[in-house]
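Peer 1:
Residue numbers (my numbering): 1 to 150.
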């Protein structure tokens, strides 16, 4: 007896991955003229909300690997988006602070991201879009809970 064929169109994981790749490429296209990459934009979102975070805090907030964050911060420092300074309370920590250039990018970069979100959800009513994002949050929370339990 043959196993049922895998239906990628019915797979939440496959569809979420495809959607994430399309979102990321659309965002990259929109923020590239600003001199930003998606990974840098994600870090900037956190620093725009709270300047002066450590690498460990950014790793935890963005759920990325330590090495990935180290490379992203090094590129951002090279590109003049952040300055890294020793913490006043713990000299072992280096904190990432926004430069004037990064502050000036907040409005155009967030407008570009909003334009990507608007385009991606353009086929949905406002109610459907709200339900979709609420459902995604539930799925993410369930997967985070599962990961933390193991």
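In this text, a Cβ means the ideal position worked out from N, Cα and C, and glycines have one as well.
Is the separation between the beta-carbon of residue 97 and that of residue 78 shorter than 9 Å?
Peer 2: Going by C-beta atoms, residue 97 is not nearer than 9 Å to residue 78.
Peer 1: From residue 8 to residue 101, what distance separates their C-alpha atoms?
Peer 2: Spanning the two alpha carbons is a distance of roughly 43 Å.
Peer 1: Between the alpha carbons of residue 54 and residue 80, how many angstroms are there, rounded?
Peer 2: Whole-angstrom Cα-Cα distance: 17 Å.
Peer 1: According to DSSP, simplified to helix, strand and coil, what is residue 132?
Peer 2: Helix.
Peer 1: What is the DSSP secondary structure of residue 25, reduced to helix, strand or coil?
Peer 2: Residue state, collapsed to three classes: helix.
Peer 1: Please report the straight-line C-alpha distance between residue 12 and residue 5, rounded to a whole angstrom.
Peer 2: Computed Cα separation, rounded: 16 Å.
Peer 1: With a cut-off of 8 Å, do at least 3 Cβ pairs link the region 101 to 113 to the region 32 to 50?
Peer 2: Segments in contact, yes.
Peer 1: Any idea what DSSP makes of residue 41, helix, strand or coil?
Peer 2: Helix at residue 41.
Peer 1: Taking Cβ positions, are residue 39 and residue 64 nearer each other than 9 Å?
Peer 2: In this structure, residue 64 lies closer than 9 Å to residue 39 by Cβ.
Peer 1: CA-CA distance, residue 89 and residue 51?
Peer 2: Whole-angstrom Cα-Cα distance: 16 Å.
Peer 1: Quick check on DSSP: helix, strand or coil for residue 97?
Peer 2: Residue 97: strand per DSSP, three-state reduction.
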